[in-house]
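Peer 1:
Chains as they are written, first to last, in the numbering used here: chain A, 25 to 670; chain B, 86 to 406.
1. Given this structure, state the Cα-to-Cα distance separating residue 134 (chain B) from residue 320 (chain A), to the nearest angstrom.
2. Taking residue 583 (chain A) as part of the beta strand (DSSP E), name the residues at either end of that continuous run.
3. Pull up the distance between the alpha-carbon of residue 86 (chain B) and that of residue 345 (chain A), whole angstroms please.
4. Secondary structure at residue 202 (chain A), three-state DSSP: helix, strand or coil?
5. Residue 418 (chain A): which of B:105, B:100, B:165 and B:99 sits nearest, CA to CA?
6. If you compare alpha carbons, which of A:331, A:394, A:497 and A:164 is closest to residue 441 (chain A)?
7. Over the uninterrupted beta strand (DSSP E) stretch that includes residue 221 (chain B), give me the two end residues.
8. Would DSSP call residue 57 (chain A) helix, strand or coil?
9. Please report the Cβ distance between residue 492 (chain A) and residue 47 (chain A), rounded to the nearest whole angstrom; I am assuming they are in contact, meaning their Cβ atoms lie under 8 Å.
10. Just curious, the alpha helix (DSSP H) that residue 503 (chain A) is in, first and last residue?
11. Quick check on the DSSP output: the beta strand (DSSP E) that includes residue 198 (chain B) runs from which residue to which?
12. Apply the 10 Å Cβ neighbour rule to residue 283 (chain B) and answer buried if 16 or more other Cβ atoms are within range, or exposed otherwise.
13. If you check the beta carbons only, do residue 396 (chain A) and residue 374 (chain A) fall under 9 Å apart?
14. Pull up the DSSP beta-bridge partners for residue 608 (chain A), would you.
15. Taking the Cβ atom as the reference point for each residue, do residue 475 (chain A) and residue 509 (chain A) lie within a distance shorter than 9 Å?
16. Helix, strand or coil for residue 316 (chain A) per DSSP?
17. Is the segment 294–301 of chain B touching the segment 371–379 of chain B in the sense that three or more CB pairs, one from each, lie closer than 8 Å?
18. Which residues in the same chain have their Cβ closer than 7 Å to the Cβ of residue 83 (chain A), if we skip the five residues on either side of it in sequence?
19. Does residue 645 (chain A) come out as helix, strand or coil in the three-state DSSP assignment?
20. Considering only C-alpha positions, which residue in the set B:370, B:349 and B:111 is nearest to residue 393 (chain B)?
21. Taking only three categories from DSSP, how would you classify residue 272 (chain B)?
22. Who are the Cβ neighbours of residue 463 (chain A) in its own chain at under 6 Å, not counting the five residues just before and after it?
23. Could one say the Cβ of residue 173 (chain B) lies closer than 9 Å to chain A's Cβ atoms, at least one of them?
24. Tell me residue 206 (chain B)'s beta-bridge partners as DSSP assigns them.
25. Can you list the residues of chain B that residue 492 (chain A) reaches, using a CB-CB cut of under 7 Å?
26. What residue range does the beta strand (DSSP E) around residue 300 (chain B) cover?
27. Would you identify the three-state DSSP class for residue 155 (chain B), choosing helix, strand or coil?
28. Let me see if you follow: with CB-CB separation under 9 Å, is residue 272 (chain B) close to chain A or not?
29. With burial defined as no fewer than 16 other Cβ atoms inside 10 Å of the residue's Cβ, what is the status of residue 107 (chain B): buried or exposed?
30. Since residue 396 (chain A) meets chain B, which of its residues come closer than 8 Å, beta carbon to beta carbon?
31. Should the segment 207–215 of chain B be called in touch with the segment 240–250 of chain B, which here means at least 3 C-beta pairs below 8 Å?
32. Expressed to the nearest angstrom, what Euclidean distance is found between the alpha-carbon atoms of residue 25 (chain A) and residue 660 (chain A)?
33. So, helix, strand or coil for residue 104 (chain B), using DSSP?
34. Comparing alpha-carbon positions, which option in A:611, A:207 and A:193 lies nearest residue 159 (chain A)?
35. Going by C-alpha distance, which of B:398, B:397, B:276 and B:346 is nearest residue 486 (chain A)?
36. Quick one: any contact between the segment 161–170 of chain A and the segment 243–258 of chain A, if contact means 3 or more CB pairs under 8 Å?
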C-alpha cells in the first residue's frame, strides 16, 4: 500500500511566475512530436472539428452529385450501383463521420473551459478517441475510393448486406469500419461521463452546468448503452459474411428483423445523441445574444434527460411496416408522439428567452434562432411519422428524407455553424467576419429551405426514397429540380462559411477575452486559452459567473482570480459528483505516443481482418497490447493524492 | 399540379387508405399551423429587439435577469398536449380499425417480392383454380383481399398508396396485409424498401374491376398458352422454350422455370419489367435484346437474337394474351 499523501492545495492569486510555471508543465511539446503526442483537449477538439467539417464537405459533394442525377427524370449521369454507393456513403459520412464527431469536437474543446477544469478526466483517452475516429474514417473511405463503398444505405438492412446479395468487399469495409468507429465513440463517451462527474470546478454543482454539458452528458450516457448494440450487429454481420454464421440468414434460422432491432435500438437514441448537444449549444448561446439568462433552465435540463429516456422507447417507429403486432406498434407510436413534449419545452424556453430578452442580431444569433423554426419543422414531420397509419404511407418516401434533413441539418448543422461563430473567437482569438456571416447565413437558410421544404411535398406525392431515377409523376420533376437548385445554394452557403473561417483566421478582428460579454467560465480566460486553461482553479457560485455583478447570486460570488494554484505538477482538481465539493488533486498525464500507437495497432488489426490476413491482424493486436502496456506503465508523477480541501 | 399515381394526399380508393387519409390531413394541418404559429412568434420575438443595434455590438446592451418566463413553457406544453392527445387517440382508433387482416377474406393472394419484380399467386381451395402471374394484380371491386407477403431474396415493401400503406416483405417470414378497393381503377404500386440496383424499377399495378370482369380475367389467366398457328410462331415457341424457358414459364409448353415472371399471358399485362416499360411489341423487342440497358443490373441477360429469331419470338409472344 502506498502512503496517502495528504496535501492541501495552496490558495492564491495568479502571477506571472505562476503562469510561466504552469505553461512549462502544460504546454505540448513543439513540432511533430507534440503534434502526434498531444493530449491537450483544445488541440484534440479542434482536430475533431476540422476533420468533421472536411467530412461534411465531402458528404455535401456526394449529395450534389446525387442531386444532379435527380435533377430530372430518367437521367443517367450515374449507374444504379454508383448512385447506391453514393447515397449510402453520404449517409454514413454525415451521420457517423460528421454529425457526432463535430459535437465531440466542440464538447472536447469546450467542456474543461465550461467546467473550470484544466483538461478532460482522461486526456490520453481523448487523444485515442480522435485517432481512432480519423483512422476509421480513412478506413471507411478507403472502401469508397476503391469502389467498395457501402451500398445498402446507412442502416444497411440484411439480407441485402449479406454475402449472397453483396459479394464484394463493400459491406466488409462498412461492417468493420463501424465496429472500429464504435470504439472511438465509446471511449469518448466514457471520458465525457467521468469528466462531467469528476473534474468540475469547486461550486460547479449539477444545477449550474451549462446546457451543452447536460446535452453531451446525456448523449454520452446513451452512447455507452446503445453503441454496443450496433457494434454487435455489425460484428455479427461480418461473422455471417466471413464465417457463414446465420445470425441474420433466414435459411439457417436467423432473423433479418434482428438486424433492424439491433440497429434501431441504437439508431434512434443516436439521433438524439447527435441533436441534444447541439440543442445545448443553442440553449447556452442564444441567451447571450438576448442579454438575459435562459428561460426555464431546470426544465430545459430535465427535458434533455427526459427526451433521452423516452428516446430509448421509440426505435420501433422505424419498423412500423415490418409486420410487427399492432399492439406493439401502438406502444411505440404513443411513445413517439409523447416525446414531442420534452422537445417542446426547449422550443418554448428559447422563444421566451428571445421574447423576454433584448435580442442583438449577430450571425450566431441568426443561426441559433432560425434553428428553432427548423427544429419545429423537423419535429412536426416526425410527429406525423409517429402515427402508425400515417407512417404506413409516409415511410420510405421523400417525406422522410425531408424530415431527417430538417432534423440533421436544422438541429445539428445550423447550431454547429452558429456555435462556430460564437466560439471561434475563443478558439482563435479572432472573430469571424459578420458581413460575410450574413451572406453565409442567408444563403444557407434559403438554400436549405428551397431544397428541403418542397421535398415534403415530393414525398406526399409518393416518390420513394433511395431510387436512382424516377418517372415524372405529378410534379416530381419540378419539385426535384427545385430541390437540386436549393441544394446548390445551400452548398454555396456552406462554402461561404468555410471561406469566412479561413479568411478570419488571419484577418478577423481581434476578439479579446469576452467579445460577446457572455456569462460562462470559458470567457474568463484569454482567447485562445492558455494550455492550462485556468491559472487558478475558479470557484463557482452561480450559473453565470461573469454576469454576477449585474444579476447577483443567491449566495456568495464566484471567485475567478483567486483559487487553488495547483502548480506542483500537471494537476487539476477532482470534485464530488453532484455538489462539486473539492475531493482530490488529480495528476494529469503529459504528452504520450501510446494513444496514436494503439490506434495504429487497431487500424492494422482491422485491415488484417478485412483482407482476412490473419498474421497482420495478429501483428496489429501485438501493437495494441504494447501500446496498452506503455499506457498503463506505473509512473510516479501520476500517483494521485488524497483530499484536497481548501 | 396533377395528382401523382403514387400520391396519398389527394385520392384514396381503398378502405384502408380512406381511413388513413383524414388522419394524414389532420396531422399535416396541425403541423403546418404549428410551424406558422412558432414562425410568427419567433419573428415577432426577434423584432422586439433593440432596433438601433444593427451593428451587433452585443456588449453594449445591458444584461438583465428579466421575467422568469416559465409560464411560456407550461402554457406551451398545455396547448401542445391537445393536438397530441387527439392524434394519439385517433391513431389508436384507426390502427385498431385497419391493422388486422380480415378473418374471412374474399380472395387470398400470395405475393412474393423478388429482385426486381412481383410474383402473384392466386390462391384457391381448388388446385385447378390456382394460377401465377406477375406485376399486375387484378381484384374485384369491394372484395376484401388478404395478401400474404413473401420475399425470396432481400427485403421489399408492398405499397399501393391509393389502397393501403406499406407492409414489408421479409425473407423468412410471411407478413399479412389486406387491400379492399372501393372503386374500379388501375392503382400503381411500388416497392418501397431499398432492395438493390433496381429498387427504382420495381412497380406493379392493382387493377380493381367489377366482379364479372374479374371472373373473365381469371378464366383467361387459368387457360394455358394457345398453340402456335403459323410457322413463325412455331419457331418462336421453340426459341422461347429453349432459351426463355431457362427462367420463365409458359404454361402448356416446355418452358417451365419459375425464377422469372410467368409469361403465359404476358401480353395481357399493361407493362413490362415491373412497370419499367409500356408493353407493346416495340418495347418487348427492345427489352428482349437489351434488358441490361433498360434496367441495368436486372437478372435478365441480353439475348443477342438474330433479326429472324427476334421476329419469330415476338410473333409467338404476341399470341400470349
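Ideal Cβ positions, reconstructed from N, Cα and C, are used throughout, including at glycine.
Peer 2: By the coordinates alone:
1. The straight-line gap from Cα to Cα measures roughly 20 Å.
2. DSSP places residue 583 (chain A) in the uninterrupted beta strand (DSSP E) bounded by 583–588.
3. Low local confidence applies: a pLDDT of 43 at residue 86 (chain B) is under 50, so the model's placement there is unreliable, and no value is given.
4. In the structure shown, residue 202 (chain A) sits in a helix (DSSP, three-state: H, G or I).
5. Checked all of B:105, B:100, B:165 and B:99; the closest Cα to residue 418 (chain A) is B:105.
6. Of A:331, A:394, A:497 and A:164, the smallest CA-CA separation from residue 441 (chain A) is found for A:394.
7. Unbroken beta strand (DSSP E) run through residue 221 (chain B): 221–225.
8. Look at residue 57 (chain A) here: in three-state DSSP terms it is helix.
9. So it is not a contact: roughly 57 Å between Cβ atoms.
10. First-last of the alpha helix (DSSP H) with residue 503 (chain A): 500–531.
11. Unbroken beta strand (DSSP E) run through residue 198 (chain B): 192–199.
12. Taking all protein chains shown into account, residue 283 (chain B) has 16 or more neighbouring C-beta atoms within 10 Å of its C-beta and is therefore buried.
13. Cβ atoms of residue 396 (chain A) and residue 374 (chain A): closer than 9 Å.
14. A:598.
15. For the 9 Å CB-CB criterion, residue 475 (chain A) and residue 509 (chain A) form a contact.
16. In this structure, residue 316 (chain A) counts as coil in the three-state DSSP scheme.
17. With a cut-off of 8 Å on Cβ pairs, the segment 371–379 of chain B is not in contact with the segment 294–301 of chain B, counting fewer than three such pairs.
18. Apart from the 5 residues on each side of it in sequence, residue 83 (chain A) sits with its Cβ closer than 7 Å to the Cβ of 114, 117, 118 and 122 in its chain, given in chain order.
19. Correct three-state label for residue 645 (chain A): helix.
20. It is B:370 whose Cα lies nearest to the Cα of residue 393 (chain B).
21. DSSP places residue 272 (chain B) in strand when its eight states are reduced to three.
22. Excluding sequence neighbours, residue 463 (chain A) sits near 520.
23. Yes, residue 173 (chain B) counts as interfacial toward chain A.
24. Residue pairing by DSSP places residue 206 (chain B) opposite B:195 and B:217 in a beta bridge.
25. Those are 285, listed as they occur along chain B.
26. Where residue 300 (chain B) is concerned, there is no enclosing beta strand (DSSP E), although the alpha helix (DSSP H) it sits in stretches over 296–307.
27. Reduced to three states, the DSSP call for residue 155 (chain B) is helix.
28. Output row for residue 272 (chain B): interface = no.
29. When all chains shown are included, residue 107 (chain B) counts as exposed.
30. Here the neighbours are 123 and 127.
31. With a cut-off of 8 Å, the segment 240–250 of chain B and the segment 207–215 of chain B do not count as touching, because too few Cβ pairs lie within range.
32. In this prediction, residue 25 (chain A) has a pLDDT of 42, which is less than 50 and means its spatial position is unreliable; what the coordinates show is noted afterwards. The alpha-carbon separation between residue 25 (chain A) and residue 660 (chain A) amounts to approximately 14 Å.
33. Correct three-state label for residue 104 (chain B): helix.
34. The residue with the shortest Cα to Cα distance from residue 159 (chain A) is A:207.
35. When B:398, B:397, B:276 and B:346 are compared, the shortest CA-CA separation from residue 486 (chain A) is found for B:276.
36. The segment 161–170 of chain A vs the segment 243–258 of chain A: no contact.
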